[in-house]
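Colleague: Okay, here's the structure, questions in a sec.
Residue numbers (this note's numbering), protein chains in the order written: chain A, 54 to 272; chain B, -19 to 212.
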């Protein structure tokens, strides 16, 4: 069975470590915040200038001056800090963020990522995504393995305009967890009930399959 | 006006000298921390052919979106746009030029503009469409793109509190691009919720020192929320 969005978020949450500063993109990455293990301290960075993003506010706490990068109203946790956009991207570009999780349209065997623009469709902009992929050492891309029409999103070479070149090392899809090493996807884990054959069939880029591919666990 | 007193009496005075074809840098992220009153005043002046530098371009009928209604913006430099139907139509019709810029690069362009740094190298965007035609350079084995600073004829800024001298404090995430915009205007105009006497704001808590501010006024704010999300 392909992973649900919640299962994908739970799998990514296993990569969190106590004391990590983490930037979560919009969509599945945002759900990772729901699975931070009890007793672990993680600070969420929102690139509009908030380090220590908390839950959504109650009606009483609602404040138009407190939003996240998705323009949603949020709260700040105790010990949070707030700063300018230049400071925020100094943290990002300067490699100070321990883990970045973001979505994509395509990833290829060279670690290129395309996530912001589909030619012919309305282009809304890259926001902070180009800075995030250029700045972070430790990035996990979360996306479905195939597009809605069944095309593989793990490619020999991205077909869409890039967000960043050579910057992605780890990908979690609804079928598998893979690492990008020396021009190939290396299959590290498969979703429960998903066969290696199915993953191989749905991966267009070069895929290296070890003798044993463990089933993913979520705890 | 005397000495360091930056207060002006009206929005008209605040925008005196703003002419057709000028570049205006605006603070704000989405609809958070936007200079609502100055945007409306630019609309009322009818100034046209503006180049607007802002992370976003408002929504239909609010924020910078109101300047699209009378086609006052010729070009926008932004990281994320298209939250309004009018924007989309004008862009597709070719009436509105859009220069998309990564958010961190946009912030740094403003910061550099205000800090006297003409250009800077960044890894952001290398190998992507936004690097096309730009100088690149390898530094310590990594590829970088040369990005140029931005200055504006005007900067319009939203603060929380300021003293007469133009020392400004921002509130929560309404800070965003505002302190950067404030440094990068040849004429920087700040609107705030409250103006106090010099000495009432703690010097070590000032976000934008008054040296960057030319004109200051107090306004009332709707503070519209773009995505109202509540805890269950």
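From the three backbone atoms N, C-alpha and C, an ideal C-beta is built for every residue, glycine too.
Give, in chain order, every residue of the stretch 108 to 128 of chain A whose Cβ lies closer than 9 Å to some Cβ of chain B.
Modeller: Residues 108, 109, 110, 111, 112, 114, 115, 116, 117, 118, 119, 120, 121, 122, 123, 124, 125, 126, 127, 128.
Colleague: Straight-line CA distance for residue 58 of chain B to residue 140 of chain A?
Modeller: About 18 Å.
Colleague: Would you say residue 72 of chain B and residue 110 of chain B are within 8 Å of each other, going by their C-beta atoms?
Modeller: No. Outside cutoff.
Colleague: Using DSSP with H/G/I as helix, E/B as strand and the rest coil, what is residue 58 of chain B?
Modeller: Residue 58 of chain B falls in the strand class under three-state DSSP.
Colleague: Does the stretch 150 to 168 of chain B come into contact with the stretch 176 to 186 of chain B, if we say contact requires no fewer than three beta-carbon pairs (one atom in each stretch) closer than 8 Å?
Modeller: No, the stretch 150 to 168 of chain B does not touch the stretch 176 to 186 of chain B.
Colleague: So, using beta-carbon positions, are residue 164 of chain B and residue 66 of chain B closer together than 8 Å?
Modeller: Not closer than 8 Å, so no.
Colleague: Determine, using beta carbons only, whether residue 216 of chain A and residue 108 of chain B come nearer to each other than 8 Å.
Modeller: Closer than 8 Å, so yes.
Colleague: Quick one: is residue 255 of chain A near chain B, going by C-beta distance under 8 Å?
Modeller: So no, residue 255 of chain A is outside the interface.
Colleague: How about residue 187 of chain A and residue 153 of chain A: are their beta carbons less than 8 Å apart?
Modeller: No, the Cβ-Cβ distance between residue 187 of chain A and residue 153 of chain A is not below 8 Å.
Colleague: What residues in its chain sit with their C-beta under 6 Å from that of residue -16 of chain B, if we drop five residues either side in the sequence?
Modeller: Within the same chain, residue -16 of chain B has close Cβ partners 145.
Colleague: Could you check if residue 187 of chain A belongs to the surroundings of the ligand SAM, using beta carbon to heavy atom distance under 7 Å?
Modeller: Although the ligand SAM was asked about, the structure shown includes no ligands whatsoever.
Colleague: Determine the chain B residues that contact residue 181 of chain A at a beta-carbon separation under 8 Å, and present them in chain order.
Modeller: The contacting residues are 59, 82, 83, 84.
Colleague: Would residue 152 of chain A count as contacting chain B if we go by Cβ distances under 8 Å?
Modeller: It does not: the Cβ of residue 152 of chain A has no partner Cβ on chain B nearer than 8 Å.
Colleague: Given residue 188 of chain B, which residues of its chain have a CB within under 6 Å of its CB, disregarding the five upstream and five downstream residues?
Modeller: Correct list, in chain order: 148, 159, 162.
Colleague: Give, in chain order, every unbroken run of the beta strand (DSSP E) that is at least 3 residues long and sits entirely within the stretch 53 to 114 of chain B.
Modeller: You should have 53 to 58, 77 to 80, 99 to 102.
Colleague: Using DSSP with H/G/I as helix, E/B as strand and the rest coil, what is residue 123 of chain B?
Modeller: If DSSP states are grouped into helix, strand and coil, residue 123 of chain B belongs with the strands.
Colleague: In the DSSP assignment, the alpha helix (DSSP H) including residue 249 of chain A goes from what residue to what residue?
Modeller: Unbroken alpha helix (DSSP H) run through residue 249 of chain A: 249 to 254.
Colleague: Buried or exposed for residue 243 of chain A, please, with buried defined as at least 16 other CB atoms from any protein chain shown within 10 angstroms of its CB.
Modeller: Residue 243 of chain A should be labelled buried.
Colleague: Answer yes or no: does any C-beta atom of chain B fall closer than 8 Å to that of residue 175 of chain A?
Modeller: Interface residue, yes.
Colleague: I need the DSSP call for residue 142 of chain A, collapsed to helix, strand or coil.
Modeller: Residue state, collapsed to three classes: helix.
Colleague: Leaving out five residues on either side along the sequence, give the residues of the same chain with a beta carbon under 6 Å from the beta carbon of residue 190 of chain B.
Modeller: Counting only Cβ-Cβ distances below 6 Å, and skipping sequence neighbours, we find 145, 146, 147.
Colleague: Just the C-alpha distance for residue 5 of chain B and residue 129 of chain B, rounded to the nearest angstrom, thanks.
Modeller: Each residue's Cα considered, the two are about 12 Å apart.
Colleague: Using Cβ-Cβ distances below 8 Å, what residues of the stretch 194 to 209 of chain B are close to chain A?
Modeller: So the close ones are 203, 204, 205, 206, 207, 208, 209.
Colleague: Of the choices B:208, B:198, B:211, whose alpha-carbon is the least far from that of residue -11 of chain B?
Modeller: Checking every option, the nearest Cα to that of residue -11 of chain B belongs to B:198.
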